[in-house]
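Everything on this sheet refers to the single structure shown next.
2 protein chains.
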Amino acid sequence: MSAAEPKPVSMFDVARRAGVSHQTVSRVVNDAPMVAAATRAKVKAAIADLGYRPNRSARTLAGGTVRSVTVFTFDTSLYGTAETLRGIEDAASAAGFTVLVSVLDPEQTYTEGDILGRLSHDGAPAIVIAHDETTHRARRILRKAQPGAVVATGDDMLLAEPDADDWLVPLDDRLVAKRATKYLLSMGHRTVHYLAMPGKARRQDGWSEALVEAGIEPHEVVRSGWTIGSAAAAAAGLVADPEVTAIMCGNDDLAFGVLHAAHHAGRSIPGDLSVIGCDDSPMAAYHVPGLTTVDLDFRGVGRSAFELLRQRLEGGPKPRPAWRSPELIVRETSGPPRQRGPHPL
Amino acid sequence: MSAAEPKPVSMFDVARRAGVSHQTVSRVVNDAPMVAAATRAKVKAAIADLGYRPNRSARTLAGGTVRSVTVFTFDTSLYGTAETLRGIEDAASAAGFTVLVSVLDPEQTYTEGDILGRLSHDGAPAIVIAHDETTHRARRILRKAQPGAVVATGDDMLLAEPDADDWLVPLDDRLVAKRATKYLLSMGHRTVHYLAMPGKARRQDGWSEALVEAGIEPHEVVRSGWTIGSAAAAAAGLVADPEVTAIMCGNDDLAFGVLHAAHHAGRSIPGDLSVIGCDDSPMAAYHVPGLTTVDLDFRGVGRSAFELLRQRLEGGPKPRPAWRSPELIVRETSGPPRQRGPHPL
DNA sequence: ATGAAAGCGCTAACAC
DNA sequence: GTGTTAGCGCTTTCAT
């Protein structure tokens, strides 16, 4: 039943087989110069014959270049984080890096040791997808311990942190929310309500800024959890109120929850109520009615975060940001408010 | 700008500080017996003072117990894989294991070396979330190379493989699809069409079995990609055909695509057309109309996969499967076919 | 262009 | 109980 696992082949085995020293093998493996073409060929043949693969632990321990990234994130099943992770993975595997994922529980409080202990070793490169309190804390701990090997993605507020340019791939959450709110206002809504997800305070800032600039006093924010269900529950009061004609939501999932609640409250979309999401998740286009939202290129952000990290690690020119800028996508859940009162004309 | 990264503290530093040998520190760190309480306390104090954290690479290299798992999967943004991954992560981090994620591109063909080279070292424990050709191939390669350290999740067809009991956490895709199809048949549909996603042949098997047992000749399967959009496109012909009264879909996302296409084709749900999904993703309950689907406990499967791996690694009693069995969840997209023909009464 | 020696931080095996 | 000695597989530095 339990097959014997053959002893793995090491650099020395290859060396013996090729009739050279293990050091020469190392040179070949690492594409170092100063190896005769003939020797190189012999070694490569031996590597192929034996099926040799370098041991990453040994390489890391010996102080070789680290080719792995640890990604700290708080929920791999949310659209935004999943896509960011995908972007990181794409870029990382193209560059021959291994990706380690370390999931942080928002409910838990981690000590410095907890966070740093998740790295394979001190100084291991890391990317933090920072979107809530716990991940922000992890970002601070990691940046403090090893500033040269940590980059993060997060909202534009982080731009205020020291040297943010060097380590941040920012998403302008404030601007995104502001633009969406302004659009709703431009359709003629008297005000826009905001359904907030945990963290992500900047989206709320953008929303209230847009209102204030238009001379409107923002209503109190309604708070939701991360799930569609919690959004549906949180929005129950909002959708029941005929005075509410426009709701902007922290993300698409929350918007779907609101839409569900609105439907069950008998409100017609967008006649009675405009709803706008954020993220442009795949469902947004295929929901009926189509969800108006803002396209956010999380995958591009992930790729950029990796490139930035690599530049920090290996030097070289600062990579230029390579993600699409956010774009409002108007579909069918938004429109002008229906005329009310006794004189529709 | 670039702060000096302090030299990491090693076991020897702790040993010196505590006035013991590095070996004693190792014993304390690994909770080995044979350490005097007083010594243990001294060492723990030194560890805390110095902020010492063990180096995983060194530990792995020195042959200590490996506390990491590499998860091979093909798309972390799909609901099923994302949830399975979450389950693995939950169980793994509770057990003090690090999770590494290795994403395989379905479009690519990997050599044995490519796959094995993604492990941190030969023999490193791995879990394969096997749901398509590429991941199945990875599973075979890994199982062959190191049978003692690889488990997989996948459909029940794998039960036919040698020793499957020892390494497989099966999801009975055949039964799930069969049950859903039977339910549709029981509502009075003359036949049920199937919209397939790539791979996952067993769901198709279950569907056709149910039909054959009912004496119905299955129609040709319609094939879709993984995205909602591809499902909507693939289902265009199906939803345009008034003879089609029931469609079972490979998963919920495909079902949403079908629903979208059906809506645009002007068909009413479930009057003209019943649609059933698979997975019970969070959206299913909040879609309007609510999607009839089958609840699959991917998170439980992930947890079980990890527990099984751990048992393989460390011995001990075989863990009993700890995931909810699939359950049909009837919501609003399914019902009896509307009476047709000239004499409704 | 190649080899030899040293050591990364840790655990295992054996001493005391 | 605790310390000592050897490596694990690799990359460095320094010879040659």
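Chains as they are written, first to last, in the UniProt record's numbering: chain A, 1 to 345; chain U, 1 to 345. Just so you know, even glycine gets a beta-carbon here, dropped at the ideal spot from N, CA and C.
Distance CB(residue i)-CB(residue j) smaller than 8 Å
{"i": "A:I247", "j": "A:D280", "result": "no"}
{"i": "A:I276", "j": "A:A305", "result": "no"}
{"i": "U:E89", "j": "A:V103", "result": "yes"}
{"i": "A:A164", "j": "A:L171", "result": "no"}
{"i": "U:S77", "j": "A:A130", "result": "no"}
{"i": "U:L309", "j": "U:V71", "result": "no"}
{"i": "U:A149", "j": "U:G117", "result": "no"}
{"i": "U:M187", "j": "U:G290", "result": "no"}
{"i": "U:D156", "j": "U:R203", "result": "no"}
{"i": "A:P270", "j": "A:D295", "result": "no"}
{"i": "A:A240", "j": "A:S224", "result": "no"}
{"i": "A:R320", "j": "A:D297", "result": "no"}
{"i": "A:A322", "j": "A:R303", "result": "yes"}
{"i": "A:R59", "j": "A:G96", "result": "no"}
{"i": "U:T191", "j": "U:A210", "result": "no"}
{"i": "U:Y52", "j": "U:V101", "result": "no"}
{"i": "U:T245", "j": "U:T292", "result": "no"}
{"i": "A:H260", "j": "U:V288", "result": "yes"}
Below-8 Å beta-carbon distance, residue i vs any chain U residue
{"i": "A:R223", "result": "no"}
{"i": "A:H343", "result": "Residue placement at A:H343 cannot be trusted, given a pLDDT of 43 that sits under 50; what the coordinates show is reported in the next sentence. With 8 Å as the cut-off, A:H343 does not count as an interface residue toward chain U."}
{"i": "A:L175", "result": "no"}
{"i": "A:R86", "result": "yes"}
{"i": "A:R118", "result": "yes"}
{"i": "A:G51", "result": "yes"}
Beta carbon proximity, residue i to chain A, threshold 8 Å
{"i": "U:D132", "result": "no"}
{"i": "U:M1", "result": "No answer about U:M1 holds up, because its pLDDT of 41 lies below 50 and its placement is not dependable."}
{"i": "U:P337", "result": "no"}
{"i": "U:F256", "result": "yes"}
{"i": "U:N55", "result": "yes"}
{"i": "U:V157", "result": "The sequence given here places Met at residue 157 of chain U; Val does not occur at that position. False, the Cβ-Cβ gap to chain A never drops below 8 Å."}
{"i": "U:G302", "result": "no"}
{"i": "U:S26", "result": "no"}
{"i": "residue 351 of chain U", "result": "The structure shown does not extend to residue 351 of chain U, since chain U is modelled only from 1 to 345, so the question has no answer here."}
{"i": "U:A41", "result": "no"}
{"i": "U:A232", "result": "yes"}
{"i": "U:S93", "result": "yes"}
Contact set between residue i and chain U, taken where Cβ atoms lie within less than 8 Å
{"i": "A:I115", "result": "Ordered by position in chain U, no residue passes the 8 Å Cβ test against A:I115, which lies about 10 Å from the chain."}
Counterpart residues of residue i in DSSP-defined beta bridges
{"i": "A:M248", "result": "A:Y194, A:I276"}
{"i": "A:I127", "result": "A:V71, A:V151"}
{"i": "A:D168", "result": "This sequence places Leu at residue 168 of chain A; Asp is not what is there. In DSSP, A:L168 forms a bridge with A:A152."}
{"i": "U:E327", "result": "U:D295"}
{"i": "U:R223", "result": "U:A196"}
{"i": "A:V99", "result": "A:V69, U:V101"}
Within chain A, the residues that residue i reaches when beta carbons sit closer than 9 Å
{"i": "U:N251", "result": "Simply none; closest approach about 13 Å."}
{"i": "U:H22", "result": "Those within 9 Å of U:H22 in chain A number zero; the least Cβ separation is about 16 Å."}
{"i": "U:V99", "result": "L100, V101, S102, V103"}
Chain-ordered chain U contacts of residue i [CB-CB under 9 Å]
{"i": "A:H263", "result": "V288"}
Nearest-angstrom beta carbon gap, residue j and residue i [assumed within contact, 8 Å]
{"i": "A:A15", "j": "A:V25", "result": "5 Å"}
{"i": "A:I228", "j": "U:Y194", "result": "That pair is no contact at about 27 Å."}
{"i": "U:A226", "j": "U:D75", "result": "The question names Ala, yet the displayed sequence has Trp at residue 226 of chain U. Correct: roughly 7 Å between the Cβ atoms."}
{"i": "A:D13", "j": "A:L50", "result": "6 Å"}
{"i": "U:R267", "j": "U:R86", "result": "Actually they do not touch by this definition, with Cβ atoms about 36 Å apart."}
7 Å Cβ cut-off: residues of chain A touching residue i
{"i": "U:M283", "result": "I228, F256, M283"}
8 Å Cβ cut-off: residues of chain A touching residue i
{"i": "U:H121", "result": "P8, N55, R56, S57, A58"}
{"i": "U:A82", "result": "T76, S77, A82"}
{"i": "U:L61", "result": "N55, S57, A58, L61"}
Contacts of residue i in chain U (Cβ-Cβ under 7 Å)
{"i": "A:H260", "result": "Y286, V288"}
Any non-hydrogen atom of the ligand ATP closer than 7 Å to residue i Cβ
{"i": "A:S274", "result": "Annotation note on the ligand ATP: not contained in the displayed structure, which lists no ligands."}
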